[in-house]
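For the sequence shown, the working numbering gives the first residue as 1, with consecutive numbering after it.
Step one of this worksheet: look at the structure below.
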Amino acid sequence: MSAKNYAKGVATFIMPHWRNENVVTKRYLDETLENIFNQTDTNWQLVIIDDLSPCQAAIDYLDEVKALHPGKIFIIKKKTNDGPGHCRNLGIKWAYDHKSPIVLFNDSDDLSDLRRLEVARKIFAKDPKASVVYSTFKVIDENSNIVPMKKLTQSIVEILEGHQGHPPQGINAWIDIGTEKGYTNLTSATVVDTELAYKYPFPPEKVSEDSNAWMRYSAGGGKFVYSGKVPTLYRIPQNTAGSSSRSREGGKHGFYMTKVRVDTDGFTRAVEIAITNGKIKVEQRDELLIKFLLKLGETMYRENELDLAQGLVKQASLIDLDTCKKVIKAKGFQSWAKI
């Protein structure tokens, strides 16, 4: 894409949608739409992909919203329920077919900063090599109040810690993300070159599908750029049993089991993409995989998923025991990583 297209092309917000009879989620959607409509850069369109909502009133409401904003909002109604990743893929294809230069992922309950598109577009226009622009975020509850850090899960804290100091940026950011920082860019805080997103679709998963895609974006040559100026408000209700993704996976442990599998798949694929593209050497594969598995193990340890953490240590040791021991010592993982 040329700098001219980045500067003047119509950007596309992509929003997966699924709603039952819960009126609270309708309020979330209204707040999300309000933030998009109040963007300082008004050169955008929004495609909402309904993932077979069981509530007819919810689907009818989308039609009402579209009718009120012709030419700005477009609706795709799916006939199967496949999860947000599949919805985003449909949105990406829609944007690609309509020659939209950049896509902004925005879940239906998260709130974009009002300058999000403006800031991202300026970065893309200024740096022709930029392919992914991401920002930090603040967690909000069901009433849109900021949730204190002390109430956040360790995996969320780990992401925010990764934004302090030196957030992963540049070409091959996937290495720093996978081996040093862990999950880095929240979906609703990520803006991507449409062609890159089209080339590397989200996998057919309902957990960690975004992390898997980010790894392949980066290994495929996408330059990551971080901006702390436009934090997204990431909604995590505080008075519910858990997120829908965790519920689908059988609770917290099932969620993290799936995350380990999907993240490992994403990083492994990123390694092979980078080798094929000549970004890294074949000889680097084993050490990178070991560092990744141990870093993911640390994340599981912080979430008190001790069996998963130790299982990742075992996987790393089977690749190369000596290298595994060296990484454990260098990273200070001896208190939990047992060989």
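A virtual CB, placed ideally from N, CA and C, is assigned to each residue, including glycine.
All figures in this text were calculated on a predicted structure; none of them were measured in a lab.
- In terms of Cβ geometry, Met-15 and Asn-145 do not form a close pair [threshold 8 Å].
- By the 16-neighbour rule on beta-carbons within 10 angstroms, Ile-339 is exposed.
- 8 Å or more divides the Cβ of Trp-214 from the Cβ of Asn-172.
- Ile-76 is a Cβ neighbour of Ile-49, given a cutoff of 8 Å.
- The beta carbon of Ile-273 sits closer than 7 Å to the beta carbons of Arg-216, Ala-219, Gly-220 from its chain, once the five residues preceding and following it are set aside; these are given in chain order.
- Of the other Cβ atoms in all chains shown, 16 or more fall within 10 Å of the Cβ of Met-300; this residue is therefore buried.
- DSSP places His-17 inside the beta strand (DSSP E), whose first and last residues are 11 to 17.
- The beta carbon of Tyr-183 lies closer than 7 Å to those of Ile-159, Ser-211 in the same chain, with the five residues before and after it left out.
- Following the DSSP letters along the chain, one finds Pro-231 inside the beta strand (DSSP E) bounded by residues 223 to 235.
- If the five residues before and after Tyr-234 are omitted, its C-beta is found closer than 8 Å to the C-beta atoms of Asp-110, Phe-137, Lys-138, Val-139, Ile-140, Leu-186, Ser-188, Ala-189, all from its own chain and listed in chain order.
- Taking the Cβ atoms as the reference, Ser-131 lies roughly 3 Å from Gly-222, within the contact range of under 8 Å.
- Cβ neighbours of Cys-87 within its own chain (closer than 6 Å, five residues either side excluded): Pro-16, Ile-49, Asp-51.
- The beta carbon of Lys-151 sits closer than 8 Å to the beta carbons of Gln-238 from its chain, once the five residues preceding and following it are set aside; these are given in chain order.
- In this chain, Ala-213 is not harboured by any beta strand (DSSP E); it is covered by the alpha helix (DSSP H) spanning 209 to 219.
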